[in-house]
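Q: Numbering (the working numbering), first residue to last: 6 to 535.
Glycine included, every Cβ here is placed at the ideal spot set by N, Cα and C.
As the structure is a computational prediction, the values presented were derived from the model and not from experiment.
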């Protein structure tokens, strides 16, 4: 009897699965906050050079003071180098406001900067003066965080295949709570970057192990709808982030509020049951049997407790061992990483530069979150009727089409450009939903976390590269869109070669995927229903 049949025997998608999926999905409300937090904690307030201390400004309005002390060289929206006049240019205050001061001597902002506090009370930018020549350090925070997510995918992916999904997930909650809150106490930029890197590692542990622990307890027929609907927690999280950021407007308070709930998730995560699939394949069938008994009892199937028994059988080597070589076709090691890289690359390219749209950053975050609702409902329909392969390729091709279209829209038509950007973000979000479900279904249980960690590293490389590509718009404004769209086209092409997994039981062993391995036998315990 396969494990999918065992799940049906103990109640299918019953009361336990509802509780299990809901509790694991709740932290998703704050995973969006972690990934997009830099939009708000490192928001760039309007700013100008601080005035010379010997200026006599008692009789000047704030506007006149700023006017006579600054030259703003606007390069791209809020990306400007600021200088100040060495001597006050009082002639600019006269009735003739067009007086020429272009030849006046200027100097850098030697006395620091003054920040407008109407939009942000305090950010890392205003805290450590990450403006002008130090402005790249603002994006460096996000790159370092994504580096932590990448590192966590590698480390925690392998650890969970060795020590179990549940234990690594519980540890990840605690790590994110402790280090995330500690980041709010950072005395320096360097310390904050270290805490964000370690928090990123924990985020990987939460996401990867949460996905696997959900998928491995869900019957085959319910995987699509559950996988899609639980992704709405991430969508709601984006809108919650906008509300919290608008309410607090202080980066330290926002950091604490988005990380402190992890202690609650850590407290109730001890209720989770370890994946019975993983337990069986790691020769811990007695523990798997206890987990299945518990699930049967919660699902109102007490009669199954006596029917589920252990028996010894002879299975091919590799079903619970890594001694076999995983010689899967080239589509696995190439298509999945390319799809994950390009999806993450385009998604974060659009989502991590909200200030460029010229609209309130809080409103843009809500709009970008709201657009995910129709996008994921579309993904649900496509996944249920067209399958994973067609859905993934279609979402990637459509996102590329929208990104390319936006290149030809004039910059003064900001409403149309913003609408197209939201549409493109919606398609990349649908692609994200598809590829997370797809990846969990393609890799067998014995290496599922290792495989998901492997392809997740490419996703994190994409999210790290996305902010860097934005700098290319200084060379050619359309260049970032060309790069994002081109990557999506390439990924859509590779996605066409992936195998279909719609209504296919999860593979547990390498043989289920490859069907080529050493045929020598060894004894392990499996669970059967009498």
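1. Under the rule that 16 or more other beta-carbon atoms within 10 Å means buried, what is residue 51, buried or exposed?
2. Going by the DSSP bridge assignment, what does residue 127 pair with across the sheet?
3. Identify the residues that DSSP records as bridge partners of residue 240: which are they?
4. Taking 8 Å as the threshold (C-beta atoms), are residue 213 and residue 397 in contact?
5. Are the region 8 to 23 and the region 302 to 316 in contact at 8 Å, needing three or more beta carbon pairs?
6. Looking only at DSSP bridge pairs, what is residue 447 linked to?
7. CA-CA distance, residue 392 and residue 512?
8. In whole angstroms, give me the CA-to-CA distance for residue 152 and residue 19.
9. Per DSSP, what kind of secondary structure is residue 4 in: helix, strand or coil?
10. Given this structure, state the Cα-to-Cα distance separating residue 119 from residue 250, to the nearest angstrom.
11. Given a cut-off of 8 Å, decide if residue 129 and residue 256 are closer than it, judged by their beta-carbon atoms.
12. Of the residues 179, 201, 178, which one's Cα is nearest the Cα of residue 189?
13. Can you tell me which of the three DSSP states residue 295 falls into?
14. Can you give me the C-alpha to C-alpha distance between residue 286 and residue 351, rounded to a whole angstrom?
15. Do you know how far the Cα of residue 342 is from the Cα of residue 194?
16. Hey, out of 451, 413, 248, 208, whose CA is closest to residue 462's CA?
17. Give the straight-line distance between the Cα atoms of residue 156 and residue 482, rounded to the nearest whole angstrom.
18. Determine the extent of the alpha helix (DSSP H) in which residue 268 is found, giving its start and end residues.
19. Is it buried or exposed for residue 270, if we count other Cβ within 10 angstroms and need 16 for buried?
20. Does DSSP put residue 399 in a helix, in a strand, or in coil?
21. Using a Cβ-Cβ cut-off of 8 Å (strictly less than) and excluding sequence neighbours within five positions of residue 23, which residues of its own chain qualify?
22. My assumption, with CB atoms under 8 Å, is that residue 422 sits in contact with residue 411. Please give the rounded CB distance.
23. Do residue 443 and residue 247 count as a contact pair if the criterion is CB distance below 8 Å?
24. What residue range does the alpha helix (DSSP H) around residue 387 cover?
25. Out of 263, 162, 414, point me to the one whose CA is closest to residue 460's CA.
26. Would you say the region 163 to 179 touches the region 265 to 282, given that touching needs at least three Cβ pairs under 8 Å?
27. Tell whether a beta-carbon distance below 8 Å holds between residue 440 and residue 506.
28. Tell me whether residue 302 sits in a helix, a strand or coil according to DSSP, three-state version.
29. Provide the residue span of the alpha helix (DSSP H) that contains residue 228, from first to last.
30. Could you say if the region 23 to 38 and the region 210 to 230 meet the contact criterion of at least three C-beta pairs nearer than 8 Å?
31. Would you decide whether residue 252 is buried or exposed? Buried here means 16 or more other CB atoms lie within 10 Å of its CB.
32. Compute the Euclidean distance between the alpha carbons of residue 413 and residue 404, then round it to the nearest angstrom.
33. Could you tell me how far apart the beta carbons of residue 296 and residue 143 are, in whole angstroms, since I believe they sit closer than 8 Å?
A: So, to answer that:
1. Exposed: under 16 other Cβ atoms inside 10 Å.
2. Residue 127 is bridged by DSSP to 255.
3. Residue 240 is not bridged by DSSP to any residue.
4. Cβ distance not < 8 Å, so residue 397 and residue 213 don't count as in contact.
5. Yes, the region 8 to 23 touches the region 302 to 316.
6. As computed with DSSP, residue 447 is found in no beta bridge at all.
7. Going by the C-alpha atoms only, they are around 17 Å apart.
8. Their Cα atoms are separated by approximately 39 Å.
9. Residue coverage of the chain in this structure runs from 6 to 535, which leaves residue 4 outside it and unanswerable.
10. Distance between the alpha carbons of residue 119 and residue 250 is about 22 Å.
11. In contact: residue 256 and residue 129 (Cβ atoms closer than 8 Å).
12. Nearest C-alpha to residue 189: 201.
13. DSSP, reduced to helix, strand and coil, places residue 295 within a helical segment of the structure shown.
14. Cα-Cα distance, rounded: 37 Å.
15. Approximately 32 Å, taken between the alpha carbons.
16. Ranked by Cα distance from residue 462, the first of 451, 413, 248, 208 is 208.
17. The straight-line gap from Cα to Cα measures roughly 32 Å.
18. Unbroken alpha helix (DSSP H) run through residue 268: 267 to 273.
19. So residue 270 ends up on the buried side.
20. Reduced to three states, the DSSP call for residue 399 is helix.
21. Same-chain partners within the cutoff: there are none.
22. Your pair residue 422 and residue 411 checks out as a contact, with CB atoms roughly 6 Å apart and the cut at 8 Å.
23. No, the Cβ-Cβ distance between residue 247 and residue 443 is not below 8 Å.
24. Unbroken alpha helix (DSSP H) run through residue 387: 377 to 390.
25. The shortest C-alpha separation from residue 460 is found at 162.
26. These segments touch.
27. In this structure, residue 440 keeps its C-beta atom at 8 Å or more from the C-beta atom of residue 506.
28. Under the three-state reduction of DSSP, residue 302 is assigned to helix.
29. Start and end: 228 to 235.
30. By the criterion of at least three beta-carbon pairs nearer than 8 Å, the region 23 to 38 is in contact with the region 210 to 230.
31. By the neighbour-count definition (other C-beta atoms within 10 Å, threshold 16), residue 252 is an exposed residue.
32. If you take the alpha carbons of residue 413 and residue 404, they lie about 15 Å apart.
33. Contact flag wrong, Cβ pair sits at about 46 Å.
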